[in-house]
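Enquirer:
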Amino acid sequence: MPQKKSIPQQLSSLIKNIEKTSNGQASVDLKMLSETDNPECIFIHICPKEGPYKYGTFVFEIQLGNGYPINPPAVSCHTSVYHPNIDFDVCLSMLDEWTGDMDLEDIVMGLLFLMQNPQIDDPLNLNFRGDEKYPDFVRKVRKSLKGQLKDSSGHVFERNWHKPENSTPSDSESEELVSFSPTSLPSTPIMFDNSGEYRAIDSSRHGHDSNNLLDYDGRNAATVTLNTAINIAILGVVTVCVSTFIIYKCLKKGL
């Protein structure tokens, strides 16, 4: 059995791999990591490319605390969002079923799945009653991303739309999203196999047999642009600097 990675090792691996593993939909906030004096507090940016929250950007905090990785971390969302399973606190089933074999990368991929596949029939957020139809829910999500929806207390959700052209969701895009329903997907989003790769969760949506591995890198290799290559090079330099800094802090604190 391979030895469990330490917190510094998990964090270094997360910084290095998560953008590739998530197909560019998740990243570690390196600026916050360099500014904070608490290596147990990690901020993650989730930017879904599919599902109701497509083109939004959502900031999550992972607070490791004492007892991690034996005990699960505390996860919260710092972005105002119309989501049935998020009310600052995050209802993520894997945290209730936590085992010491899980790590930071599992948590981040679980958060991405939650943004792509909200569970409207088991709401945590008081804005939801639990009996809302999925098409109606998606339309409200799109309105919230455009800054046109109020929460239960009357506050308007901040505009959260980051499509490259800085446009708002078109009617055709909204209808396309309405047609996508996650109700048939399993509650456990992503599984780690013995080779250390993430398995595909839904063959009908990803075009893969459910027993095959989802190849994020190969699927997108042909579309990598010069700008992307430059950004990756810059990220690599920053990653080395930040990882060294975090490992130093962790060792200093006796982790």
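When we follow my numbering, the leftmost residue of the sequence shown carries the number 13, and every step to the right adds one.
The C-beta atom is built at its ideal place from N, Cα and C for all residues, glycine as well.
The structure presented is a predicted model; accordingly, all values stated were derived computationally and were not measured.
1) Assign Ala212 to one of three DSSP states: helix, strand, or coil.
2) May I ask you to report which of helix, strand or coil DSSP gives Lys16?
3) Look at Cys53 and Gln75 and say whether their C-beta atoms are less than 7 angstroms apart.
4) For Phe125, name the three-state secondary structure that DSSP assigns.
5) With a cut-off of 8 angstroms on the beta carbons, I'd call Gly68 and His167 a contact; round off their distance for me.
6) Short check: CB of Val102 to CB of Val120, under 7 angstroms?
7) Since Val150 is in the alpha helix (DSSP H), which residue starts that stretch and which ends it?
8) Say whether the stretch 108-119 touches the stretch 24-37, bearing in mind that this needs 3 or more beta-carbon pairs closer than 8 angstroms, one atom from each stretch.
9) DSSP has Asp101 in a bridge; who is on the other side?
10) In terms of residue numbering, what span does the alpha helix (DSSP H) encompassing Ser46 cover?
11) What does DSSP give as the partner residues of Cys53 in its beta bridges?
Expert: So, from the data block:
1) The residue you call residue 212 lines up with position 200 of the sequence shown. Residue confidence is low: Ala212 scores 36 on pLDDT, short of 50, so the model does not pin down where it sits. Its coordinate-derived value is still stated next. It is coil, neither helix nor strand.
2) Stepping through the sequence shown from its first residue, residue 16 is reached at position 4. In this structure, Lys16 counts as coil in the three-state DSSP scheme.
3) As a first step, residue 53 must be located in the sequence shown, where it is residue number 41. As a first step, residue 75 must be located in the sequence shown, where it is residue number 63. Contact: yes.
4) For the purposes of this step, residue 125 is identified with residue 113 of the sequence shown, where counting begins at 1. Correct three-state label for Phe125: helix.
5) Along the sequence shown, read from residue 1 onward, the residue named residue 68 stands at position 56. Along the sequence shown, read from residue 1 onward, the residue named residue 167 stands at position 155. Gly68 to His167, Cβ: 17 angstroms. No contact.
6) Indexing the sequence shown from 1 puts residue 102 at position 90. Indexing the sequence shown from 1 puts residue 120 at position 108. The answer is no: Cβ separation not under 7 angstroms.
7) Translated into positions along the sequence shown, residue 150 becomes position 138. Start and end: Tyr146 to Leu157.
8) Short answer: they touch.
9) Along the sequence shown, read from residue 1 onward, the residue named residue 101 stands at position 89. DSSP lists Ser88 and Asp99 as partners of Asp101.
10) Counting from 1 along the sequence shown, the entry for residue 46 is found at position 34. From DSSP, the alpha helix (DSSP H) with Ser46 extends over Leu42 to Glu47.
11) Along the sequence shown, one-based indexing puts residue 53 at 41. Cys53 pairs with Gln75.
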